[in-house]
Structure formats: C-alpha cells, structure tokens
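For reference, the structure is listed below as structure tokens.
2 protein chains.
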Amino acid sequence: MNEKPIKAKARASSTGRVTLDDIARRVGVSSITVSRAFRRPDKVADEVRERIQRVADEMGYVSNRAASSLASARSMNIVVLVPSLRNMVFVETLDGVEKVLRPKGYQMLLGVTNYSPEEEEALVRAYLAFDPDGILLTGMNYRESTRRLIEQVRVPVVHMMELSDREGVYSVGFSQEAAAEAMTEHLLAQGRRRIAFIGSQLDSRTLARNRGYRDTLMRAGLYEPRRELMVPDSSSVALGGILLERLLQQAPDTDAIFFCNDDLAQGGLFECLRKGISVPGQLAIGGFNDLPSSACTVPALTSVATPRFDIGMRSADMLLSLIDGRPVARQHIDLGVALKPRQST
Amino acid sequence: MNEKPIKAKARASSTGRVTLDDIARRVGVSSITVSRAFRRPDKVADEVRERIQRVADEMGYVSNRAASSLASARSMNIVVLVPSLRNMVFVETLDGVEKVLRPKGYQMLLGVTNYSPEEEEALVRAYLAFDPDGILLTGMNYRESTRRLIEQVRVPVVHMMELSDREGVYSVGFSQEAAAEAMTEHLLAQGRRRIAFIGSQLDSRTLARNRGYRDTLMRAGLYEPRRELMVPDSSSVALGGILLERLLQQAPDTDAIFFCNDDLAQGGLFECLRKGISVPGQLAIGGFNDLPSSACTVPALTSVATPRFDIGMRSADMLLSLIDGRPVARQHIDLGVALKPRQST
DNA sequence: ACCATCAATGACAGCGCTAACACCAAAACC
DNA sequence: GGTTTTGGTGTTAGCGCTGTCATTGATGGT
Chain A
903 MNEKPIKAKA RASSTGRVTL DDIARRVGVS SITVSRAFRR PDKVADEVRE
953 RIQRVADEMG YVSNRAASSL ASARSMNIVV LVPSLRNMVF VETLDGVEKV
1003 LRPKGYQMLL GVTNYSPEEE EALVRAYLAF DPDGILLTGM NYRESTRRLI
1053 EQVRVPVVHM MELSDREGVY SVGFSQEAAA EAMTEHLLAQ GRRRIAFIGS
1103 QLDSRTLARN RGYRDTLMRA GLYEPRRELM VPDSSSVALG GILLERLLQQ
1153 APDTDAIFFC NDDLAQGGLF ECLRKGISVP GQLAIGGFND LPSSACTVPA
1203 LTSVATPRFD IGMRSADMLL SLIDGRPVAR QHIDLGVALK PRQST
Chain B
903 MNEKPIKAKA RASSTGRVTL DDIARRVGVS SITVSRAFRR PDKVADEVRE
953 RIQRVADEMG YVSNRAASSL ASARSMNIVV LVPSLRNMVF VETLDGVEKV
1003 LRPKGYQMLL GVTNYSPEEE EALVRAYLAF DPDGILLTGM NYRESTRRLI
1053 EQVRVPVVHM MELSDREGVY SVGFSQEAAA EAMTEHLLAQ GRRRIAFIGS
1103 QLDSRTLARN RGYRDTLMRA GLYEPRRELM VPDSSSVALG GILLERLLQQ
1153 APDTDAIFFC NDDLAQGGLF ECLRKGISVP GQLAIGGFND LPSSACTVPA
1203 LTSVATPRFD IGMRSADMLL SLIDGRPVAR QHIDLGVALK PRQST
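These protein sequence lines are chains A and B, in that order.
Just so you know, we're using the numbering used here here: the first sequence kicks off at 903 and counts up by one.
Just so you know, we're using the numbering used here here: the second sequence kicks off at 903 and counts up by one.
Right under this line is the structure:
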C-alpha cells in the first residue's frame, strides 16, 4: 500500500496524459531537467536534451498550460475583446494582433462583446480567470466597474481604435472626429452643400464620426439636423439600403451622404442603382473604413482607409512593452487615416 | 520564521490575487466550502453561501481556471478551429457554437488555420496544452499526424461543414457535392448550356463543389474543361472580377457562371456591370453560401443558402454529448441546403 | 431509545509544473 | 595547490483549486 502511488507513477500519471515526470523517468533524469529542456534549452547538456526531445516525441508529450501558469507567475495569455467579427475591420485588427503575439509565444483569448459594455464586462470577468498577462480592448467605452475589475488584478490594458488623452491609459488608433472631418471636407470640396450623415450601431466610434461631420458642417454654416439619420440597429449592407430610402424621404434634396461605415454605404449604393439614382451625378456617396470590396463596387466607393492592421500590431507591441516593464515612448499613438477618393463622389 | 508563511497567508496569497483561501479566512470557513459555494451552491447552507458571496464581491475574487482545471479533470475549454474569419460563413458558424457553449460554462478557444493543415496541426498542438474537453474542427482535411496527436490525448472531436461516412468520426454539415449539383441543375433548368465554374482557395469544400458541378454537367453531356477556372488564391470580391475576366477570355461563349462562393460571385457581378455585360441576359451568375449582402446586390444574387449557424449549434451539441458520454443518435448529421433563386439567373 | 439517513462542513492529498535554492564535479583563476 | 567560478542537475516546496473521504449533529422511522 505504501509503494502503490510510486508504482502508479511509474506507468503514467493518473489522468492518463503524458507528463514531465513520465518523460523524466524514461530518460533517467529529474522532471525539472525535462522542464528546462523545453523552456531553457541552453541550460541542459546537448546530449541529455536530445534524448529528452526524442522520448517526448515518442510519447506524444503535450505540456500542460494550466500547471505551467499555476507554477509560474505568467500565463502567457492575452485577452483580446472586439465588438464583432461580422465587421471585417476587427478581423483585420486581430490579424495584426496575432502577428505580434504568436511569435512571442502568447496565446490570444478572443472575446466578442456585441458592442455591449455589459457583455464586455462579463467577458473580462470570465477571462480574468485565465490569469491573463495583458488585455486589449476595443474602444474606450467600457464600464466603470469593468475598469475597477481590471485594476484590482493589475493587468496592463491597451485600448485599440480610439484615442484617449488621459494619464495612465494606453491607446492606439486614430481620431475618429478628424477622419470624419476629412470625408466631410472632401464632399464639400466636391461642391456638395446638402450633405447627410447616416449611422447605425451608435457605438462611441460612430458617435465620434457624427461629431466630426457635424462640426465641419457647422463651421461651413451648412448643418441641418434633418439630414442626420442615426439608428441603433447593427450595421449591414441591407440596412444601408433601407436607411438611404428613409433619409431621402425626410430630406429629398440631399446631394451627398456620408455613411458611417462601408457596409452601409455599399447598401446605399446598391439601393441607388435599384432606384435609378445616379451616383455621383445626383447623389455622392462616401463610406468609412475602406473595406477591400469597396474598391470593386460600381461606381467604386469613396472611403476613408483606416489602419486597423497596424493598430492591431502596435497595440500588441505596446501591451508587450507594458507587460515586460519596458518603457513606452508614447501612451497614445495616432496612426492617422487616408482618404480614398473614388467614383462615388 | 516558523509562522511567517502563515502570516503571509493571513493577508493575501503570495501572488497578490484574491484566492479561495482569502475568502475562507475572512468568512471563517474552510476553503473547500467556498469552492462549493460557487460550484455546488445547493451543497452549502444559504446563510453561509450568501456571506461568502458578499465577501467574494467585496474582495473582487476571480477564480483561477488554471488551478481549477489542474485539480479537476475538466478544463471546460473547447477548442474551435476555423480556416478564416474573413469569410462570414465561419463567423456565423462560430456564433452558433458560442450560443451552445457559453450557457454551459464552456470557454471557446478560437484558432484560425488560414486553410492550412500545417497551421491547423500547430494550433491543435498549442491548444492541447489547454487540456481541452473537446475539439471542433472545420472540414475533414486534417493531417494524419494531427489525428494521431488528438487520438493520443483522447479528446472528442466533431467536424463541421463537411460530412464523413467513417465509423468513429463525428460530423455535422451538408453534402457539398449535392449542394453544387442543386445550383448546377438550377442553371440547366434556366436553359443554360455553357456553364462555367470559378473557384479559388481550393480547400476540400471548393473541390467537392467542383465535383458536384462537374458530375452534373457530365451527366447532361455538357462538361467542358475549358470552362473551369480554379486558382489557389484566397477568395475576395476583387478576385471574383479578375477571374470572371480571365474566364471570358478562355471561354467567351459561356452563358452562366457558378462561383464557388458569394464573395467571388459578387465581384463577378460588379465586373459585369462595369463591362456592360447584362446579367442574367447574357450571363447568369450563381454563388454559394448566400451571404446576407447577396440579396442586396443589383441584380440580386442567386445562391445556395448553407445552414452554418445551425451547423455551429449542432456540432457543439454533439460535442457536448460526446464529452458527457451521452449517446449520440447519429454520427453524421446532414443539415441540407436551400437554393435561393434570384434575379442573377 | 435505537440505528439508519442525511445535510453541512472539514482534512488531506495531489493535479503538473516551475522558482529558488542546493549540490557536485570540472574548469579557471591567482 | 587551494580557492573561486561555472555548467549541469537535483531537492523541496508550493501555485490555487477540487476529489475523496471523514466528521459532526440533526432528523426520521420503528
């Protein structure tokens, strides 16, 4: 009865999976040496390391992260929360994030908030249980209780897409207002004077773009509230068509529409085709984000190219710096945008 | 020196995070009772449970999954691998998966394989370290070594999207061949006789659709190799336009094109508009998957609606059954497809 | 009044791994 | 020739939690 646990161990650990100990026993070293062979190869004699590697492969060893993060302070997990995967913008942001994280051995834990601060908090709570080394959030529109939750566990956070000016907050993105201004100015420069704004989702970025639009038109003395159409529904191509129709009912003399994103704008474009409204003849149409497909529509859609891939990369870079305690040159990185004038305006 | 560890524990655990022990001490119970208060509330007296709950909230307790999965056999992690997030089809599949997994307390670990069996294997290896209770894979086109890897750790697997007929394999999807047949038959029924196929990505699903197309045309005695255009590039709207042009060069008399997915088809449609080719007058265009935006194009795109949301849900359901050792009625669930005839054909 | 049952809680061990230190022999130094 | 350094390895303890008993006191049936 006394040696039973030892015997059991001599075969395979109780759970059936191959453990460091199993390898250690087969190779004839201690388990810590096996651990080192994987994590600090330079600390183990070449000959021993190779034998360990061979045996591990033979036995199909897979390290156990739960045990590893429990024993060491670091989990090598990074939580990344985005509002939606139906919007390619965030998918491309994630690509950038992954590009930086993967080579460093970090595991990305992805969560989708559906644009809801409540869901965001629930996800943060759920993912904190994974003891993440860092967190990437989309936008700055999180709940106060979420902030406290994160503060309590002292995990570094970087905000993507929107910029902040607060001390102790880190963000990588661009000025949504300035980007919207650029589009509005462009429409003005094209001679448009009755410029509408159509927005949906009404997240903080949409609202910021609306402010940029409104401020620009006010400065030009051309702002008219009836040309603003904002609905809380989630964006889609189909919705773009519906909203265009609705807007033209409430303001038929509109000569340009700035859609808050390309999905809506494409839907608007299609609806014009269907209705026989000439674009840009009768109506100029501008979008936002410059989705890959926006250059392909007929007419090609004018849009504002946003650097989401770079935002993903730079955010991840910054987060890793914070995690490693390296100094961060700037707390807020503005990556700017680029207007893409095309046939639709 | 002897009581130091006890003192240290009396304040907060060494890592600074709040642990079950911290709560237990504050409430005056043992840590196992606190554990039970969360995991089996019925096993703890109401009054005690409420006190525990209150203290936990006050202290900002977040359970540690690493410790939990180490101690219990179950990690409550489910690995889900999809080829891409740029294709809405998989995003909607994930929605279905999440809808089932989340309420049961499972955490989804998402990986993107970029259509590469090698990357898939690397992801499986990385995620096995999370000791998952189950795995959802997209398609059946995995490497033999990946299969062995999974078999070794005895984790149940369900394959999404494609169907298998093998024993001991579980799958939820639809027959890609039959779906492609349906579209091809539809084009034939519309009187088309010179039907082309355009495919990209060349993953196993695209190839299966191509087989369905080819078989149908062969049966009708109308198959012509020069009307097939298959390229390995990844699908996009832009590529659809390029491939349409290329196809019309090599087979100008084509009177219908079956695109292997809606992204390509939309690009093809736009290219026709640009070139002044009338659709469906000169050329009928059919897509695959029925993306939400496909009903909005001008003309609206004929497509094959695939039940990816349901596939996600049913796959997750089946996986949970396997995990819990519940009997599974059928190892392979065919959810079928629905042809959506619209103006483009 | 007796034993069986049950609800509520606790003691203990251990999941698989790694940090911190200890150890030893060989190499390098003065 | 003795001391220090170095490279390679092992010992020990513990990360935070939960499975498996054991324990206690109350309840119920006869």
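Don't be surprised by glycine CBs; every beta carbon is placed ideally from N, CA and C.
Query                                                                                                                   : Result
Same chain only: Cβ atoms within 6 angstroms of B:Ser1246, ignoring 5 sequence neighbours per side                      : Val1181, Pro1182, Ile1187, Pro1201, Leu1203 and Thr1204
Per-residue burial, A:Gly1214 [other beta carbons within 10 Å of its own, 16 or more giving buried]                     : buried
Distance, A:Leu1089 Cα to A:Asp1157 Cα                                                                                  : 10 angstroms
Residues within the stretch 1030-1062 of chain B neighbouring chain A, beta-carbon criterion of under 8 angstroms       : Leu1030, Ala1031, Phe1032, Asp1033, Arg1050, Leu1051, Gln1054, Val1055 and Arg1056
Residue of A:Leu1141, A:Tyr1029 and A:Ser1217 minimising C-alpha distance to A:Leu1131                                  : A:Leu1141
Within 8 angstroms, strictly: CB atoms of A:Tyr1017 and A:Gln1103                                                       : yes
Under the three-state DSSP convention, the category A:Asp1236 falls into                                                : strand
Opposing strand residues paired with B:His1061 [DSSP bridges]                                                           : B:Leu1039 and B:Ser1073
C-beta contact flag for B:Pro1058 and B:Leu1221 at 8 angstroms                                                          : yes
Rounded straight-line distance, which links the Cα of B:Val950 to that of A:Leu972                                      : 28 angstroms
Interface partners of A:Gly1169 on chain B, CB under 8 angstroms                                                        : Ser1195 and Cys1198
B:Ser1138 at chain A interface by Cβ criterion, 8 angstroms                                                             : yes
Three CB pairs or more closer than 8 angstroms across the stretch 974-985 of chain A and the stretch 925-935 of chain A : no
Cβ neighbour criterion (16 or more within 10 Å) applied to B:Gly1170                                                    : buried
Coil, strand or helix - A:Ala1122 by DSSP                                                                               : coil
Beta strand (DSSP E) runs contained entirely in the stretch 949-1007 of chain A, provided each spans 3 or more residues : 979-984
B:Gly1114 classed as buried or exposed, judged by whether at least 16 other C-beta atoms fall within 10 angstroms       : buried
Limits of the alpha helix (DSSP H) - the one that B:Ser933 falls within                                                 : Ser933 to Arg941
Within chain B, partners of A:Met1215 - CB distance below 9 angstroms                                                   : Ordered by position in chain B, no residue passes the 9 angstroms Cβ test against A:Met1215, which lies about 16 angstroms from the chain.
CB contact check: B:Val999 to chain A, cutoff 8 angstroms                                                               : no
CB contact flag (A:Leu1119, A:Ile1097, <8 angstroms)                                                                    : yes
Outcome for A:Gln1152 when other beta-carbon atoms lying within 10 angstroms are tallied against a minimum of 16        : exposed
Partner residues on chain B for A:Gly1178, Cβ-Cβ distance less than 7 angstroms                                         : Those do not exist, as A:Gly1178 stays about 10 angstroms from chain B at its closest Cβ, beyond 7 angstroms.
Continuous alpha helix (DSSP H) assignments of at least 4 residues falling wholly in the stretch 1099-1164 of chain B   : 1106-1121 and 1139-1152
Beta-carbon proximity of A:Met878 to A:Leu1038, cut-off 8 angstroms                                                     : Any answer about residue 878 of chain A is impossible in this case: the structure gives chain A only from 903 up to 1247.
Whole-angstrom distance between B:Gly918 and B:Met903, CA atom to CA atom                                               : Bear in mind that the predicted position of B:Met903 carries a pLDDT of just 28, short of 50, making it unreliable; the figure below should be weighed with that in mind. Cα to Cα, the separation comes out at about 21 angstroms.
Beta-carbon proximity of A:Val993 to A:Tyr963, cut-off 8 angstroms                                                      : no
Under 8 angstroms from the C-beta of B:Asn966: neighbouring residues of chain A                                         : Leu972, Ala1031 and Asp1033
Within 8 angstroms, strictly: CB atoms of A:Ser1077 and A:Met1042                                                       : no
Interface partners of A:Ser1143 on chain B, CB under 8 angstroms                                                        : Here residue 1143 of chain A turns out to be Gly, not Ser, going by the sequence shown. Residues of chain B passing the Cβ test: Cys1198.
Rounded distance between the beta-carbons of A:Leu1241 and A:Ala1084, thought under 8 angstroms                         : 5 angstroms
Within-8 angstroms CB hit, B:Ser977 to chain A                                                                          : yes
Straight-line Cα distance separating B:Ala1207 from A:Arg1116                                                           : 41 angstroms
Amino acids of chain A, ordered along the chain, whose beta-carbon sits closer than 9 angstroms to that of B:Gln1009    : Leu1011, Ala1028, Tyr1029, Ala1031 and Phe1032
Rounded distance between the beta-carbons of A:Gln1168 and A:Ser1196, thought under 8 angstroms                         : 7 angstroms
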